[in-house]
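In what follows, a single structure is set out as structure tokens and then discussed.
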Amino acid sequence: MLAALAAMPTGATPTQLATAMKRPTDTRGIGIALRRLVEQGQVLEARPGRYQVAGTGGEFPVMLEAVAGATGDGALMQARLPDGRLLPVNPAYTLGARAGDVAQAVVGEDHQALITRILRRSGREVAGTIMFKPGGNLLIPDNRKDGQLPVLSAFQRFHDQYQAGDRVVGTVAVAADGQAGVHVTRILGKETPEITDFRYVCLAHDLPGEFPKDVEEQAKTFREKLPLGAREDLRKKLVFTIDPATAKDFDDAISLEPGPNGGWILGVHIADVSTYVTEQTPLNAEAALRGTSIYLINRVIPMLPEALSNGLCSLVPNRDRYCLSAFLTLDRNHKLVGTRLAETLICSRQRLTYEEALAILLKKDEPGKWPQDLREIVMQVGDIAQGLRRGRDKAGALNLFSVEHRFSLDVNGLPIEVGQEVSDISHQLIEECMLLANRAVAEWLESKGLPCVYRIHQEPDPERMKQFAQVLEAYGKDGTRIENRFTLQKLLAELANEPPASRLVLNFLCLRSFKKAVYSIDNIGHYALAFPSYAHFTSPIRRYPDLLVHRLVKRGLGLPGFTQVEIRRGYLDALAKQSSWLEQRAESAERDLHARKSTRYLAERVGEVFPGVVLSPTPGGLGVQLMETGMEGFVPMRELKDDFYTYDADRMALIGRHSARVFGIGDQLDVLVAAVDIEKSDVVLGLPEGATGQAGKPGEPRGRREQRADRRKEEIERERRRERKNERRKRGR
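Numbering (the working numbering), first residue to last: 957 to 1689.
Here you go:
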């Protein structure tokens, strides 16, 4: 039925749909089914008696326009359809869009437009360099994806001030004749790399800037003094936080008390953002529009104004704070046997850094530095976390290894040092507590018959797993063993004992076999975590889906939260998709800034040699990651001067025509930084004179590695033949 309806873009009546489905006598049954699909949010009743698919079948781009007297908050907006018609925008379905935005929409009840995704914000800024041309001046954007944009003659108020080659900022606009271009708004003076890089990433990814005035004003209206009301009072309980030393916002705290039958009650207390950020307010519209906080090395673009993120919603010590608390009852084997959720008022007694928590866990903290009851609880929670980890391992959770690098910047934003992020048992303590709370809340919502914005993760892609298996064979491992999550889990555990280069490559290829986790109202479970149900609940300060889950929990508790309209699947589905897209935008911006800082770091080291590992042989050359810094560069074919190389897709390698020399995935080799283009974030690598492709053990030529792999393959084949022979003997008996 959905397929037939999706093929009818203007929608259909039950009679028309029955005819299209070749079931003309079943109009009544089709009408009943359509109404059920409307309740589920999969179908919209565009107008009485006429239906269309919500999402892909009925989506179309619209330009949002203000109505006379509009405030820009969606209450008085209309959507201009591709055919020129105008529809009013339902104020409950704006996703934070404003007049002038281009959005994706569907037609909902009462013939109103429901925004499902914001495609482009109005007045988007771009930075770039001015180029004078006889036919008109051009802006060459820093982000090459924007192409060359003409400077619109109607907006050349800076024409006499800028010169060819100057860097400027302009606002994307459309002239009366429909020509797209830019309105030059300011000329950039001399900038530090810090400002240039930050501006580049913000403009390239259309990241949000300052909060609108009405949002800031609303955030400042809340009082510091918090009445208890009907909340549970936990201010006398030992509640504490563990966070990075540089953290400014603390959205989670924990507590622990003895439970029944020798078990425990683990309290996970999360800042109650939903008390302050309520539906159909400027704060909520802006939070939905941002979707997530964005972390750009030494800067943060927050989802919420500082008055909330670093103020009333931050669980700082010795201050009363509203929380939504999950009380998780564990048996003596650390198995979850009960979940209770409640609105609470807490007062954190202590703020610990990860380093301080680690010292307590290792019993290396200074004597008398911490109260004894705090030390005992930290150590007990550490023990519980290890038990929770063992439980996840038993269920088949995957330990997907990846190394994250961090930059130390000078005052001008130039990278002076590169290090690796550390994850130790203090990080794992908090991680396991948060994972458990997220899982428990998703299961609790299901038990109440409520919808949920799930965090889902699909099974690995079969074709990419085949490629992964091929590389494993080259390393002398049996790639055919990957039959299910448990065999993959065992293999990943074995990789922990591999040399750093081999482990890096094999984990990279394994990660590439998986799709990213996303938000969805349809639950398929979380494959990597081995959770049948999972949601994000623990970070509403910096993730909008967590805020949605908090509202759903409050509805389950019978507290003010979503209205009946707002809890509909179509609304939640649109927000889930929007949040997934905004998360991907944030990650892309973070990667771009990392790449830009990497090129600045290597620009000061042109001519130096670094150890590297081949990640991606291609017909054009070799993608190489530098081992010490995690930075990536490319060795083009022209730099492979000792032979003529061709790409072998089956072996995923470059092979020399005359020497038969091979460069394949996982080969270790020394590379020389040949050239760097900071504007494009490109790093060109070359091979120093006398360099050789190596793989496997450091210093071992690839030929030996292949011989070793061949021997291992022969051993595997012999083992298989023996197994088949033994099986035949058993059948013979």
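Glycine included, each C-beta is placed from N, C-alpha and C at the ideal position.
Distance, residue j Cα to residue i Cα
i       : j       : result
Met1019 : Val1063 : 14 Å
Pro1496 : Ser1535 : 13 Å
Met1087 : Glu1311 : 52 Å
Ile1333 : Tyr1278 : 23 Å
Val1562 : Ala1631 : 6 Å
Ala1452 : Phe1442 : 16 Å
Phe1493 : Ala960  : 37 Å
Glu1322 : Ile1316 : 9 Å
Pro1455 : Leu1508 : 47 Å
Tyr934  : Leu1462 : Residue 934 falls outside the range modelled here, since the chain spans only 957 to 1689, and no answer is possible.
Ala1425 : Asp982  : 51 Å
Leu958  : Arg979  : 14 Å
Gln1236 : Ile1071 : 14 Å
Tyr1692 : Pro1090 : Not covered by the structure: residue 1692. The range shown for the chain is 957 to 1689.
Asn1240 : Val1640 : 45 Å
Glu1262 : Cys1389 : 26 Å
Val1229 : Val1409 : 17 Å
Thr971  : Met964  : 13 Å
Leu1344 : Leu1401 : 22 Å
Thr1202 : Tyr1603 : 47 Å
Arg1054 : Ala1396 : 36 Å
Leu1370 : Ser1476 : 39 Å
Arg1525 : Val1009 : 13 Å
His1383 : Phe1357 : 15 Å
Cys1466 : Asp1349 : 18 Å
Lys1193 : Ile1302 : 8 Å
Val1125 : Leu1571 : 37 Å
Leu1144 : Ala1129 : 20 Å
Gly1347 : Ala1353 : 9 Å
Arg1187 : Lys1636 : 54 Å
Pro1183 : Met1259 : 26 Å
Ala1473 : Gln1119 : 47 Å
Leu1108 : Thr1127 : 10 Å
Gly1165 : Arg1617 : 52 Å
Counterpart residues of residue i in DSSP-defined beta bridges
i       : result
Val1629 : Leu1641
Cys1303 : Asp1276
Leu1392 : Beta-bridge pairing links Leu1392 to no other residue.
Pro1106 : Leu1094
Gly1577 : Thr1574, Pro1592
Trp1220 : Pro1214, Leu1286
Asp1189 : Leu1301
Val1397 : DSSP output for Val1397 lists no bridge partner at all.
Val1618 : Ile1611
Asp1604 : Ala1609
Counted within 10 angstroms of its Cβ, other Cβ atoms place residue i as buried (16 or more) or exposed
i       : result
Val1378 : exposed
Gly1589 : buried
Val1367 : exposed
Phe1600 : exposed
Thr1300 : buried
Asn1093 : buried
Ile1226 : buried
His1067 : exposed
Asn1254 : exposed
Asn1394 : buried
Phe1296 : The question names Phe, but residue 1296 in the sequence shown is Arg. Looking at its Cβ environment, which holds fewer than 16 other Cβ atoms inside 10 Å, Arg1296 is exposed.
Arg1556 : buried
Asn1217 : exposed
Beta-carbon spacing of residue i, residue j below 9 Å
i       : j       : result
Thr1148 : Val1374 : no
Phe1196 : Gln1306 : yes
Met1583 : Val1427 : no
Gly1185 : Arg1499 : no
Gly1052 : Leu1245 : yes
Ala1061 : Gln1034 : no
Asp1626 : Phe1566 : yes
Leu1222 : Leu1284 : yes
Gly1204 : Ser1270 : First, the amino acid is wrong: residue 1204 is Lys here, not Gly. Yes, the pair counts as a contact, with Cβ atoms nearer than the cut-off.
Leu1460 : Val1580 : no
Arg1191 : Asp1329 : no
For residue j and residue i, believed in contact at Cβ under 8 Å, the rounded distance
i       : j       : result
Leu1503 : Ala1083 : Incorrect: roughly 32 Å between the Cβ atoms, too far for contact.
Trp1220 : Ile1340 : 6 Å
Leu1610 : Pro1573 : 5 Å
Leu1448 : Gln1336 : That belief does not hold up - the Cβ atoms of Leu1448 and Gln1336 are roughly 29 Å apart, past 8 Å.
Lys1533 : Arg1073 : 6 Å
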